[in-house]
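K.L.:
Just so you know, we're using the numbering used here here: the sequence shown kicks off at 145 and counts up by one.
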Amino acid sequence: MSWFNGFEKIVRADAPLREFTWYRLGGPARWLCLPRDENELTALLQRIRENGIDWRVLGKGANLIVRDEGFDGAVLHLRGPAFERVEIDGPLVTAGAGADLPTLVRATLDAGLVGMEVLAGIPGTVGGAVRMNAGGRYGEIREFIRELSLLTPDAEIVDKPASEIDFAYRHTNLAGAIVLGAAFALEPGDVEAARRRHQEIWRAKYATQPPMAARSSGCIFKNPPGDAAGRLLDETGLKGTRVGGAEISTRHANFIVAGDDATAADVLNLIQLAKERVREATGIELQPEVEIW
Ligand code: EPU
Numbered sequence: 145m146s147w148f149n150g151f152e153k154i155v156r157a158d159a160p161l162r163e164f165t166w167y168r169l170g171g172p173a174r175w176l177c178l179p180r181d182e183n184e185l186t187a188l189l190q191r192i193r194e195n196g197i198d199w200r201v202l203g204k205g206a207n208l209i210v211r212d213e214g215f216d217g218a219v220l221h222l223r224g225p226a227f228e229r230v231e232i233d234g235p236l237v238t239a240g241a242g243a244d245l246p247t248l249v250r251a252t253l254d255a256g257l258v259g260m261e262v263l264a265g266i267p268g269t270v271g272g273a274v275r276m277n278a279g280g281r282y283g284e285i286r287e288f289i290r291e292l293s294l295l296t297p298d299a300e301i302v303d304k305p306a307s308e309i310d311f312a313y314r315h316t317n318l319a320g321a322i323v324l325g326a327a328f329a330l331e332p333g334d335v336e337a338a339r340r341r342h343q344e345i346w347r348a349k350y351a352t353q354p355p356m357a358a359r360s361s362g363c364i365f366k367n368p369p370g371d372a373a374g375r376l377l378d379e380t381g382l383k384g385t386r387v388g389g390a391e392i393s394t395r396h397a398n399f400i401v402a403g404d405d406a407t408a409a410d411v412l413n414l415i416q417l418a419k420e421r422v423r424e425a426t427g428i429e430l431q432p433e434v435e436i437w
């Protein structure tokens, strides 16, 4: 009997993951799990834990490198209506973990709410963005979170106010809990100005970063305190450096772009090489920002 007895409809064995990632690289998941609602997710997580299986949650794969060997465990993909819901009631906005962040940002503007436009141009799901405290120089998602709905490692669903969550730069301490959804508190305001800001940020990103269509995972390294990884990589002369089919973007040195013949190993080797070069040149130890499975 397999560990997923009774869950056969929602568990696929040896499922390719590449098409689930922006990089379109890497191997399969030993198991890809597609729970249809929170109850199914809870039951599945319990079963996964009872069987000592390693697991991860997959969002839109925008900040993810899957190794060529794939992931030897269970990948939980929260998609479908139960996880993608978005509700806007006055200034209160709630969204499921699987909701698309750029779509949510636009929906808040359409509802006359301002603030979230600073998250323009950040791809991914609400769950992924919350977990990574997604953001950039214009703002971070933590600024808008009022409450999170979490599935704890003990398979309990709890609501936690933002004040009880540890948010840091591109990091949230959720102690092994899965984000099910988030409630945001926004304000009505000058929507036309917010829309202009939204467009300006998109334009600024378009001008300085590889196009959204390029195969990348956004920034590879975190900015070290008081400095910019992109600047350090650029000054070390790394733009255009290639390993196999992967190249350090000639536009923004903190992006690695995958060509047609790239493997995940090419990207990972290039990350290693860039890290070593920056360490040799500056003594600074860059830390990856991207998730690596
Ligand atoms: N720079 C260079 N050369 C480069 C790239 C950048 O000299 O090739 C310099 C820039 O001129 C600037 C500084 O480095 O003085 C910082 O660059 P930028 O303004 O592009 O911002 P960033 O710190 O590299 C951060 C986020 C981005 C986010 C932008 C805009 C990190 C690691 N990166 O980039 O996030 O899009 O701000 O909000 O925090 C991501 O998370 O995947 C990501 C791309």
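All residues carry an ideal CB built from backbone N, CA and C; glycine is no exception.
Check whether the stretch 311-330 and the stretch 379-393 are in contact - that is, three or more C-beta pairs closer than 8 Å.
P.N.:
These segments do not touch.
K.L.:
State buried or exposed for K153, treating a residue as buried only when at least 16 other CB atoms are found within 10 Å of its CB.
P.N.:
The residue in question, K153, is exposed, as its Cβ has fewer than 16 Cβ neighbours within 10 Å.
K.L.:
Using the Cα positions of V155 and V302, report the straight-line distance between them to the nearest angstrom.
P.N.:
So the two alpha carbons sit approximately 25 Å from each other.
K.L.:
Mind checking H342: buried by the 16 CB within 10 Å criterion, or exposed?
P.N.:
Buried, because 16 or more other Cβ atoms sit within 10 Å of the Cβ of H342.
K.L.:
Return yes when at least one heavy atom of the ligand EPU lies under 6 Å from the C-beta of Y282, else no.
P.N.:
Answer for Y282: yes, Cβ within range of the ligand EPU.
K.L.:
Is any heavy atom in the ligand EPU found nearer than 6 Å to the beta carbon of N398?
P.N.:
Checking the Cβ of N398 against the ligand EPU gives yes.
K.L.:
Answer yes or no: do I289 and A273 have a C-beta to C-beta separation smaller than 7 Å?
P.N.:
The answer is no: Cβ separation not under 7 Å.
K.L.:
Look at the alpha carbon of V210 and the alpha carbon of T238, and state the distance between them as a whole number of angstroms.
P.N.:
Straight-line Cα distance between these residues: approximately 30 Å.
K.L.:
Taking 6 Å as the limit between beta carbons, can you name the residues of its chain near A255, skipping five residues before and five after?
P.N.:
Hits under 6 Å: I232.
K.L.:
Using 8 Å as the cut-off, can you tell me whether the stretch 344-358 makes contact with the stretch 305-325, which would need three or more C-beta pairs spanning the two stretches below that distance?
P.N.:
The answer is no - the stretch 305-325 does not touch the stretch 344-358, with fewer than three Cβ pairs under 8 Å.
K.L.:
Roughly how many whole angstroms lie between the Cα atoms of V249 and M145?
P.N.:
Using only the alpha carbons, I get a separation of about 45 Å.
K.L.:
State buried or exposed for P305, treating a residue as buried only when at least 16 other CB atoms are found within 10 Å of its CB.
P.N.:
Under this definition P305 is an exposed residue.
K.L.:
Compute the distance between the beta-carbons of G374 and N398, then report whether it is under 7 Å.
P.N.:
Yes, the Cβ-Cβ distance between G374 and N398 is below 7 Å.
K.L.:
Cβ of R375 within 6 Å of any heavy atom in the ligand EPU?
P.N.:
At least one heavy atom of the ligand EPU is nearer than 6 Å to the Cβ of R375, so yes.
K.L.:
Going by DSSP, what residues sit across from L294 in a beta bridge?
P.N.:
Note: L294 sits in a beta bridge opposite V302, V323.
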